[in-house]
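Take the sequence shown: its position 72, counting from 1, is numbered 72 in full-length UniProt numbering, and each next residue is one higher.
Each residue gets a CB set at the ideal place from its N, CA and C atoms; glycine is no exception.
Here the structure is a predicted model, which means the values were calculated and not measured.
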Amino acid sequence: MSGGQNSVDGDVHGTAVQVGSADEVNLMLGGGAFVPVKPKTLPSDPLELSFANRTAELAELDRLCARARQEGRSQVALLHGMGGIGKTLTMLRFAHQEQDRFPDGVFYDDLGGNDPDGPRTPSEILSGFLYKLGVDGSAQPSTEKERGAAFRHLTADQQVLLVLDDAATAAQVLALLPSSSRSVVLVTARRELSFLSSRVASIPVEPFEPVAALDLLTERLGEEADGAGPELRALVEACGRHPYALQLAGRRLRGRSSLPTRANRIAQNPLTLDEDGEPRLKGQFDSAYAELGEQDRRTYRLLAAHPRGEFSLAAAAALLGEDVVDAEDRVDVLADLHLVTRVAPERYRFHSLSRAHAQGKLTADEDVEDRHRATARMVRHYLDFTMRRDAVLSARRRLNPDYAHVEPAHRGPDAHRTAVHELEAERGALPGVVRAAHEHGLHEQTWQLCEALFTFLVDRDCYEDLLEILPLATPSAQQLAAPDVEVRMRAHLGSAYFLAQDYVAARAQFELSLQLAEQCGDVLGRQSALEWLGQIHERLGDPQAALQYYDASREVVQQEFAPERRPRPLALHGMHSGRVLVDNGEPERALDRLHAAHECFAELGEQANPAKTALSIARARLLGHELDDADRWARYALDICREVRMVQDTAVALELLGEISARSGDTAAAAEHRREAGRLLSALGAERARALLDEQS
Numbered sequence: 001m002s003g004g005q006n007s008v009d010g011d012v013h014g015t016a017v018q019v020g021s022a023d024e025v026n027l028m029l030g031g032g033a034f035v036p037v038k039p040k041t042l043p044s045d046p047l048e049l050s051f052a053n054r055t056a057e058l059a060e061l062d063r064l065c066a067r068a069r070q071e072g073r074s075q076v077a078l079l080h081g082m083g084g085i086g087k088t089l090t091m092l093r094f095a096h097q098e099q100d101r102f103p104d105g106v107f108y109d110d111l112g113g114n115d116p117d118g119p120r121t122p123s124e125i126l127s128g129f130l131y132k133l134g135v136d137g138s139a140q141p142s143t144e145k146e147r148g149a150a151f152r153h154l155t156a157d158q159q160v161l162l163v164l165d166d167a168a169t170a171a172q173v174l175a176l177l178p179s180s181s182r183s184v185v186l187v188t189a190r191r192e193l194s195f196l197s198s199r200v201a202s203i204p205v206e207p208f209e210p211v212a213a214l215d216l217l218t219e220r221l222g223e224e225a226d227g228a229g230p231e232l233r234a235l236v237e238a239c240g241r242h243p244y245a246l247q248l249a250g251r252r253l254r255g256r257s258s259l260p261t262r263a264n265r266i267a268q269n270p271l272t273l274d275e276d277g278e279p280r281l282k283g284q285f286d287s288a289y290a291e292l293g294e295q296d297r298r299t300y301r302l303l304a305a306h307p308r309g310e311f312s313l314a315a316a317a318a319l320l321g322e323d324v325v326d327a328e329d330r331v332d333v334l335a336d337l338h339l340v341t342r343v344a345p346e347r348y349r350f351h352s353l354s355r356a357h358a359q360g361k362l363t364a365d366e367d368v369e370d371r372h373r374a375t376a377r378m379v380r381h382y383l384d385f386t387m388r389r390d391a392v393l394s395a396r397r398r399l400n401p402d403y404a405h406v407e408p409a410h411r412g413p414d415a416h417r418t419a420v421h422e423l424e425a426e427r428g429a430l431p432g433v434v435r436a437a438h439e440h441g442l443h444e445q446t447w448q449l450c451e452a453l454f455t456f457l458v459d460r461d462c463y464e465d466l467l468e469i470l471p472l473a474t475p476s477a478q479q480l481a482a483p484d485v486e487v488r489m490r491a492h493l494g495s496a497y498f499l500a501q502d503y504v505a506a507r508a509q510f511e512l513s514l515q516l517a518e519q520c521g522d523v524l525g526r527q528s529a530l531e532w533l534g535q536i537h538e539r540l541g542d543p544q545a546a547l548q549y550y551d552a553s554r555e556v557v558q559q560e561f562a563p564e565r566r567p568r569p570l571a572l573h574g575m576h577s578g579r580v581l582v583d584n585g586e587p588e589r590a591l592d593r594l595h596a597a598h599e600c601f602a603e604l605g606e607q608a609n610p611a612k613t614a615l616s617i618a619r620a621r622l623l624g625h626e627l628d629d630a631d632r633w634a635r636y637a638l639d640i641c642r643e644v645r646m647v648q649d650t651a652v653a654l655e656l657l658g659e660i661s662a663r664s665g666d667t668a669a670a671a672e673h674r675r676e677a678g679r680l681l682s683a684l685g686a687e688r689a690r691a692l693l694d695e696q697s
């Protein structure tokens, strides 16, 4: 070539490529026939590096390529996922598995999408591809457009495989694609690139499943893993089933003493795992963090202030102080980089390693006041969320004056079920929210959250959650110098101990609650404490003392409550005292009380207490040998208990139906009811489960 002209002067020695335009390529073959090179440039097969798992991803790639061959077209497949998750190894394993199908050439290159110095240009990559095809540097076109045209010309209608690792953008990949309809292109990237063509298949590469992750770790350890199963399973989850992290963990543990102890230490901070002294695992996340803009970094950090790895879009918006639409845009930036994953509509989950990394950045980089404001917004969100669903579940008395303005989250026949379902979805986060409120000195919101959660948790026998949060509420009440709040919170704590069957601790809390109520003139608190002390003595096997406390509670209601405040506490008296009378063999005295209580609770729209009274009515009818009525009331109670997930009471209803069936002569039905009750009680850890199951075995 001479001057600025696209022409050739003199003889051509070797191979030259003349590009008249981007669409016109002339091969100048000097000095003899041009013999195209068939490059095979793949790195080592991952099988040589103990490649494991990824059967689903490999099967999907196989399916896509087989269909493309059948339809006579090319195929582009993008494997995307977080750093170190195994995208490259999976792609290379498939490429080695399939390379014999591509006799015209297999090309591999690293696009440098996450290189600190920036990604490589398509022109640089194409130059390498042309060189591998036999076009040496002196003969290559000078521009990216011309090199792309030359590459497409040389591979036209050829069976070629391109393996492009660590792409930065879709444009970078598009500039490298061959034109052949018999080509396959495999691409990896940390984010899901935005290709406009529907012919680009997107395959997420996720963490291993639990069994495969444990297998990967134990295979690295061999016999050393014996006897350390619980610790290794905990380590697998702490590493988020991330294969690179598990390989590093296995390397650190192998041949070391006290494997269980060391596994526990690694599980406390897996990001400290290194390779050859370099913190490469942490570096994967540092690299992704560096790729974010400042606002997206703040999003990443503040989301780590959420008390759980999984969070709703609404909670994210509260933490960020933005509306839901803007928050979704911000969280989706993190999802594109696989720092979080969308697990359901408007719900996301951190990977355990990315969350640990974000928490480290939060501690190191976040302004303390900004974090406090974010936590306060999150607590306010969850308090509003919980109160609106609590208003659906019960009409009980609340101390929080905000309930006067709360709009129930749902209305209609499915309102209760929907509210329970939504609270269940957030149950894992709510104790942490209470703890965060307490730690940030949000004492008002601490006890208000405990009050709003009480009905939901009590009805489901979730005493572990109650025993976690309620000890935070009483000191908050003391900080606020609010004796009426302390009366209520001690009563709630006593209820949690009651559910846990620690009746001594329960009695101590209710006696303190009663004493405080008498001192501050809290009539409602006094009545409630008397009622609960009745239940405690009932459980301690003293029915007469129980009835005395119940009657004392009723006397307070009748003498000191305003008339409009009496129906529900009197219904509670009827339910409790009626139950004691049934247990004491006096069903005739009990039935009027129980029916009146049931009618009151039903009118109030409650579900838990109508089910509980129905169970007592069924037992009273059974004692009176009215088997049909007993069966009807027990089945009614069972339906409610199942619907609202009252597991303990569901088991009670099943036991009762088993007794009714046995008395009716239906031994098969009796056995089935008792088996089901036994399974439920076994899941709860109840002592009588074994007896029921043994009886039916």
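Check, Outcome
"For residue 468 and residue 88, the rounded distance between their alpha carbons", "44 Å"
"Minimum length 3: unbroken beta strand (DSSP E) runs contained in the stretch 50 to 85", "75 to 80"
"Cβ neighbour criterion (16 or more within 10 Å) applied to residue 306", "buried"
"Proximity of residue 189 and residue 271 at Cβ, strictly below 7 Å", "no"
"Touching by the beta-carbon criterion (3+ pairs, under 8 Å), the stretch 202 to 214 and the stretch 75 to 86", "yes"
"Closest Cα partner of residue 456 within the set 443, 388, 521 and 507", "388"
"Same chain, Cβ closer than 6 Å to residue 129, neighbours up to 5 away in sequence not counted", "107 and 151"
"Simplified DSSP state of residue 104, which is helix, strand or coil", "coil"
"Residue(s) in a DSSP beta bridge with residue 164", "109 and 187"
"Alpha-carbon spacing of residue 292 relative to residue 319, whole angstroms", "18 Å"
"Distance CB(residue 267)-CB(residue 235) smaller than 7 Å", "yes"
"Beta-carbon contacts of residue 200 that lie in its chain and below 7 Å, excluding the five residues immediately before and after", "76 and 78"
"Contact belief for residue 715 with residue 122 at Cβ below 8 Å, rounded distance in angstroms", "In this structure the chain extends from 1 to 697, so residue 715 is not present and cannot be described."
"Proximal residues to residue 575 (C-beta, below 6 Å), its chain only, five neighbours per side dropped", "597 and 613"
"Beta-carbon contacts of residue 689 that lie in its chain and below 6 Å, excluding the five residues immediately before and after", "Because residue 689 sits at a pLDDT of 48, beneath the cut-off of 50, its placement in the model cannot be relied upon, and the following sentence gives the value as read from the coordinates. 678, 681 and 682, listed in sequence order."
"Whole-angstrom distance between residue 649 and residue 458, CA atom to CA atom", "12 Å"
"Proximity below 7 Å, CB of residue 569 to CB of residue 557", "yes"
"Opening and closing residue of the alpha helix (DSSP H) in which residue 156 lies", "Taken as a continuous stretch (DSSP letters only), residue 156 belongs to no alpha helix (DSSP H), as it is neither H nor E."
"Residue closest to residue 416, alpha-carbon to alpha-carbon, out of 655, 209 and 645", "645"
"Beta-carbon gap between residue 339 and residue 328 smaller than 7 Å", "no"
"7 Å Cβ cutoff, residue 358 in contact with chain D", "Note that chain D does not occur in the displayed structure, where there is just one protein chain."
"Stretch pair the stretch 364 to 383 + the stretch 404 to 414: three plus CB contacts closer than 8 Å", "no"
"Spatially closest choice to residue 529 from 507, 538 and 545, by CA coordinates", "507"
"Where residue 43 falls: helix, strand or coil (DSSP)", "coil"
"Rounded separation between residue 115 and residue 274 - CA only", "19 Å"
"Reference residue 727; option with closest CA among 571, 154, 250 and 491", "Lying before the first or after the last residue shown, residue 727 is absent from the chain, which here runs from 1 to 697."
"CB of residue 316 within 7 Å of CB of residue 331, strictly", "yes"
"Residues near residue 393 in its chain [Cβ-Cβ closer than 7 Å; skip 5 each side]", "416, 419, 455 and 456"
"Short Cβ contact (7 Å threshold) for residue 110 with residue 157", "no"
"The stretch 441 to 451 touching the stretch 393 to 407, judged by at least three CB pairs closer than 8 Å", "yes"
"Integer-rounded CB distance, given that residue 634 should sit under 8 Å from residue 653", "6 Å"
"Alpha helix (DSSP H) segment containing residue 503, residue limits", "503 to 520"
"Validate contact between the stretch 543 to 556 and the stretch 517 to 535 using beta carbons, cut 8 Å, 3 pairs", "yes"
"Span separating the alpha-carbon of residue 52 from that of residue 91", "13 Å"
"Expected contact under 8 Å - CB spacing of residue 47 and residue 163 to nearest Å", "That pair is no contact at about 16 Å."
"Pairwise C-alpha distance: residue 38 and residue 288", "36 Å"
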